[in-house]
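Report on the following structure.
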Amino acid sequence: MFTLTNCLVLSALIFAVGAYGVIARRNILIMLMSVELMLNAVNLSFIAFARYYGSALAPASSGTTGQVFVLMTMVVAAAEVAVGLAILIALFRGRHSVDPGDLDLLKG
Amino acid sequence: MDDLIFTAASIVCFLSALAVVTRKNPIYSAVSLILFFGGLAVIFLLLRAPFVAGMQLIVYGGAILVLFLFVIMLLNLREEELGKEKGGRFKAFAAVAAGALALLVIVPVMAAETARDGFGPLASLPDGFGSVDHLGLALFTQFALPFEVTSVLLLAAIVGSVMLSKKHV
Amino acid sequence: MPDIGSAELRVLLPVLAPLLGALAVLLTDPYLDKGRPKLPLVYIALGSLMAAWAALGFLWGDRVVAWSGALAADRFGLYLGFAIATAAGLTVLSSAGYARKMGVDCGEYYSLLLLATAGMLLLAMANDLLMVFLGIETMSIAVYCLAGITRERPRSVEAAMKYFLLGAFATGFLLYGIALIYGATGEVRLERIAHHAANRPLLLAGLGFLLVGFGFKVGAVPFHMWAPDAYEGAPAAVTGFMAAGVKAAGFAAFLRVLLTAFGGEAAAAAWAPALWMLAALSMIVGTLSALAQTNLKRMLAWSSVAHTGYALVGVVGGGGVAGNGSAAVLFYVLTYSVMTLGPFLVIALLSRAGEEFEQIDDLAGLARRRPVAAAALSLFLLSLAGIPPTAGFMGKLFVFRAAIDSGWLGLGVIGILATLVSVYYYLRPIVLMYMREPRAEFNASEPTDWASHFAIGVAALALLLLGVLPSDAIAASLESVRGLW
Numbered sequence: 001m002f003t004l005t006n007c008l009v010l011s012a013l014i015f016a017v018g019a020y021g022v023i024a025r026r027n028i029l030i031m032l033m034s035v036e037l038m039l040n041a042v043n044l045s046f047i048a049f050a051r052y053y054g055s056a057l058a059p060a061s062s063g064t065t066g067q068v069f070v071l072m073t074m075v076v077a078a079a080e081v082a083v084g085l086a087i088l089i090a091l092f093r094g095r096h097s098v099d100p101g102d103l104d105l106l107k108g
Numbered sequence: 001m002d003d004l005i006f007t008a009a010s011i012v013c014f015l016s017a018l019a020v021v022t023r024k025n026p027i028y029s030a031v032s033l034i035l036f037f038g039g040l041a042v043i044f045l046l047l048r049a050p051f052v053a054g055m056q057l058i059v060y061g062g063a064i065l066v067l068f069l070f071v072i073m074l075l076n077l078r079e080e081e082l083g084k085e086k087g088g089r090f091k092a093f094a095a096v097a098a099g100a101l102a103l104l105v106i107v108p109v110m111a112a113e114t115a116r117d118g119f120g121p122l123a124s125l126p127d128g129f130g131s132v133d134h135l136g137l138a139l140f141t142q143f144a145l146p147f148e149v150t151s152v153l154l155l156a157a158i159v160g161s162v163m164l165s166k167k168h169v
Numbered sequence: 001m002p003d004i005g006s007a008e009l010r011v012l013l014p015v016l017a018p019l020l021g022a023l024a025v026l027l028t029d030p031y032l033d034k035g036r037p038k039l040p041l042v043y044i045a046l047g048s049l050m051a052a053w054a055a056l057g058f059l060w061g062d063r064v065v066a067w068s069g070a071l072a073a074d075r076f077g078l079y080l081g082f083a084i085a086t087a088a089g090l091t092v093l094s095s096a097g098y099a100r101k102m103g104v105d106c107g108e109y110y111s112l113l114l115l116a117t118a119g120m121l122l123l124a125m126a127n128d129l130l131m132v133f134l135g136i137e138t139m140s141i142a143v144y145c146l147a148g149i150t151r152e153r154p155r156s157v158e159a160a161m162k163y164f165l166l167g168a169f170a171t172g173f174l175l176y177g178i179a180l181i182y183g184a185t186g187e188v189r190l191e192r193i194a195h196h197a198a199n200r201p202l203l204l205a206g207l208g209f210l211l212v213g214f215g216f217k218v219g220a221v222p223f224h225m226w227a228p229d230a231y232e233g234a235p236a237a238v239t240g241f242m243a244a245g246v247k248a249a250g251f252a253a254f255l256r257v258l259l260t261a262f263g264g265e266a267a268a269a270a271w272a273p274a275l276w277m278l279a280a281l282s283m284i285v286g287t288l289s290a291l292a293q294t295n296l297k298r299m300l301a302w303s304s305v306a307h308t309g310y311a312l313v314g315v316v317g318g319g320g321v322a323g324n325g326s327a328a329v330l331f332y333v334l335t336y337s338v339m340t341l342g343p344f345l346v347i348a349l350l351s352r353a354g355e356e357f358e359q360i361d362d363l364a365g366l367a368r369r370r371p372v373a374a375a376a377l378s379l380f381l382l383s384l385a386g387i388p389p390t391a392g393f394m395g396k397l398f399v400f401r402a403a404i405d406s407g408w409l410g411l412g413v414i415g416i417l418a419t420l421v422s423v424y425y426y427l428r429p430i431v432l433m434y435m436r437e438p439r440a441e442f443n444a445s446e447p448t449d450w451a452s453h454f455a456i457g458v459a460a461l462a463l464l465l466l467g468v469l470p471s472d473a474i475a476a477s478l479e480s481v482r483g484l485w
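Protein chains in written order, with this note's numbering: chain A, 1 to 108; chain B, 1 to 169; chain C, 1 to 485.
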């Protein structure tokens with residue numbers, strides 16, 4: 001059923017799947033993709049709430065806020081991926097591994 | 001009709017999200033991610049956000065995914081260079097933690113008044129809600145500052161990633 | 001619909017200064033000789049930060065809200081804005097020599113520093129959750145890159161990767177919190193969120209996620225895992241900037257969100273117990289872990305976790321509009337940002353080409369070879385330990401008194417005990433410097449790095465001034481909190 005609650009539940013489930021990916025996986029590329037899943041889940045919540053506030057009695061611009069927020073999130077996500085992959089390349093150059101478990105120079 | 005499309009799209013989204021986090025080879029994860037972005041764009045369309053749906057396909061499905069695929073190809077990982085995955089017990093623990101996280105949101109969502117109200121009637125949405133006109137006007141008036149600040153953020157990301165992936169200063 | 005009038009531009013001045021500085025640095029860099037020290041970049045960076053200082057002073061006064069409520073120039077944001085601009089300025093001064101030693105004397109380094117500063121200032125003045133989010137991200141992205149900027153050192157890149165992964169994870173939580181708050185209220189403006197009843201499940205869930213996100217950014221236990229690694233691996237000047245600037249900006253936004261959007265009694269009753277736990281855990285875990293460290297940077301990282309706990313004591317014991325707790329946090333974070341930057345400036349000064357001076361044992365006998373550096377480092381460590389007449393003592397006194405006055409006795413006692421234990425690890429380096437024979441070689445033969453010495457001197461002087469004559473700064477912090485409403 002296409003209801004607000006179902007959209008939000010789907011968003012929570014995808015967020016949890018993304019969080020699982022970051023916690024459980026040992027491959028930096030897949031961890032980065034999992035972060036993208038989390039951000040997309042949040043975007044779904046924003047858009048669903050925007051639809052709700054767009055037609056609710058709230059002030060006229062409330063619905064717009066949610067959609068604009070999603071556009072900003074996309075910019076941030078793109079910038080984060082670019083930086084994350086750049087760090088990964090710098091890391092891979094010296095080490096030939098995408099396993100965060102191999103990051104063991106710093107500990108104590 | 002909306003119900004049917006939403007159900008199909010959400011099943012696609014959820015299964016492809018699961019595929020992203022469970023595949024061993026990052027290429028398969030990336031391909032599943034495309035499917036996920038597509039499914040989500042369909043849901044955005046249903047939620048009357050056509051411009052955002054388009055951006056979802058262009059930015060995520062286009063730019064971000066190409067970046068991922070490009071780096072996967074560039075690194076050209078061999079089997080032994082993929083990370084050593086944790087054992088089943090750790091994964092079970094992570095799954096329980098993630099499930100608890102989902103419940104932390106689902107329970108309040110069920111209890112909130114938004115659940116009772118549901119979406120308002122379509123007719124009460126303003127004309128052109130979520131269109132380019134509508135969002136463009138908002139970006140250049142009410143949200144002018146955030147819009148400009150994203151350019152600072154992108155500049156920082158450009159300078160930083162160029163710096164990090166250069167070989168010599 | 002806002003018109004881009006003078007108020008809009010005026011409010012933006014402190015952010016525009018470092019931003020234009022960053023652009024100027026990028027445009028000047030290609031015209032400079034490769035082999036020679038790039039002093040013009042240092043001058044541009046310093047100039048733009050001084051302009052930011054002047055702009056902050058110019059705006060100091062009544063609250064001006066601009067850009068459809070996205071940005072607020074009030075004393076609250078400007079107060080920590082001064083701390084941020086100062087920390088950035090001292091970092092630039094110390095980088096003039098340090099960046100060359102580490103092989104990163106380039107335009108990218110200075111422009112990233114300035115862009116991070118612009119993000120921090122935006123964050124300190126952000127008045128809606130969208131600006132809070134964008135400010136945090138602008139700052140974080142620049143700082144991730146700075147942490148890994150010495151990319152020939154594997155430890156630096158590793159620190160950047162760990163910082164980035166956990167930071168991106170935290171961003172997800174922060175953003176989900178904002179989404180749920182938006183869902184519950186339909187608003188992202190802080191003062192409008194406050195109009196909504198706080199006991200609704202969706203709003204509380206959003207607040208919870210927001211606390212997790214902010215907890216990561218300010219490095220509170222149990223969300224601190226990134227801090228020791230990121231602090232140890234990043235180049236010393238960057239670490240100092242991270243410890244001072246990121247924390248000051250993070251606390252400015254954190255406190256503003258809590259006081260403005262969730263300042264009501266019902267909402268405060270929800271977050272106070274959660275923050276109580278974070279504060280107590282941060283103080284205990286931070287202090288106990290710092291005891292065992294042999295690496296100076298890592299020890300300072302754990303100490304910064306403990307100091308996050310002390311500042312959170314003030315947040316919990318805020319006591320609302322009437323109480324002194326929130327003002328105490330502002331004053332504490334101001335003094336903390338100076339005294340935590342200090343030791344890193346000394347580490348940067350003592351580091352040799354490509355090699356950081358970071359083992360505590362290497363400090364042995366430093367007083368005989370480098371008396372000025374040793375004296376300054378001792379002063380910073382004494383201040384971190386909270387020993388009078390330094391600023392650290394006044395800050396701790398103010399925070400703990402505010403907490404105990406508003407009835408949080410338990411937290412005050414934990415704080416005082418943690419402070420007593422912490423004296424041990426802050427004094428050990430001092431004992432080594434003054435009581436032991438020199439073991440390591442100190443680079444006494446190099447030409448004196450005057451800029452770095454000047455930066456260390458300014459930080460030391462500021463700490464003594466804030467410790468002996470704190471009344472002006474404390475009065476300003478009280479005004480700042482009152483100016484929020």
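Cβ coordinates follow ideal geometry from the N, Cα and C atoms, glycine included.
Just so you know, these numbers come straight off a predicted model, no measurement behind them.
The stretch 10–29 of chain B makes contact with the stretch 12–27 of chain A; the number of CB pairs closer than 8 Å reaches 3 or more.
Under the three-state reduction of DSSP, L71/C is assigned to strand. Assignment of beta-bridge partners to A66/C by DSSP yields L71/C.
Against S68/C, the close residues of chain B are Q142, in the order they occur along the chain (beta-carbon pairs closer than 7 Å). With its beta carbon less than 8 Å from one in chain A, P154/C belongs to the interface. Around V188/C, the beta-carbon contacts reaching into chain A at under 8 Å are T65, F69. For C7/A, the enclosing alpha helix (DSSP H) begins and ends at 4–24. For E148/B, the secondary structure class from DSSP, reduced to helix, strand or coil, is helix.
Taking 4 residues as the shortest admissible run, the stretch 83–112 of chain C contains no complete alpha helix (DSSP H) segment at all.
Between the alpha carbons of L175/C and V313/C lies a gap of roughly 25 Å. Per the coordinates, the alpha-carbon of A98/B lies some 50 Å from the alpha-carbon of K38/C. Taking the beta carbon of V42/B as reference, no residue of chain A falls within 9 Å; the closest one sits roughly 11 Å away. Judged by DSSP in its simplified three-state form, A126/C adopts strand. Neighbours of R95/A in chain C, taken as residues at a C-beta separation under 8 Å, are given in chain order as P154.
Exposed is the label assigned to Y424/C, since fewer than 16 other Cβ atoms lie within 10 Å of its Cβ. G325/C is positioned such that its CB atom lies closer than 8 Å to that of A402/C. The Cβ of R89/B sits no closer than 8 Å to any Cβ of chain A. For the pair L154/B and V75/A, the CB atoms are nearer than the 8 Å cut-off.
With respect to chain A, the C-beta atom of L35/B has no partner C-beta closer than 8 Å.
At a cut-off of 8 Å between beta-carbon atoms, A118/C makes contact with chain B.
Listed in chain order, the non-local C-beta contacts of S477/C below 7 Å within the same chain comprise Y79, A327, L330, F331, local neighbours out to five positions each way being set aside.
DSSP places I416/C in the uninterrupted alpha helix (DSSP H) bounded by 409–435. Close to chain B, meaning a Cβ-Cβ distance shorter than 8 Å, are the following residues of the stretch 24–39 of chain A: A24, R25, R26, N27, I28, L29, I30, L32, M33, S34, E36, L37. With at least 16 other beta carbons inside 10 angstroms of its own, S48/C counts as buried. Taking all protein chains in view, the Cβ of A475/C is surrounded by fewer than 16 other Cβ atoms within 10 Å, so the residue is classified as exposed.
Proximity of chain C to M72/A at the Cβ level (cut-off 8 Å) is accounted for by L130, F133, L134, in chain order. When beta bridges are read from the DSSP output, R352/C appears opposite E355/C. Contacts with chain A at 8 Å (Cβ-Cβ) include Y144/C.
The C-beta of P388/C has fewer than 16 other C-beta atoms within 10 Å across all chains shown, which makes the residue exposed.
The alpha carbon of F49/A has as its nearest neighbour, out of I178/C, F398/C, D405/C, the alpha carbon of I178/C. In terms of CA proximity to L82/B, S97/A leads the group S97/A, V9/A, T5/A, D102/A. Contact of E358/C with chain A is not assigned, every C-beta pair being separated by 8 Å or more. With respect to chain B, the C-beta atom of P37/C has no partner C-beta closer than 8 Å.
Counting C-beta pairs with one atom in each stretch, the stretch 153–173 of chain C and the stretch 251–261 of chain C have fewer than three that are closer than 8 Å, which means they do not touch.
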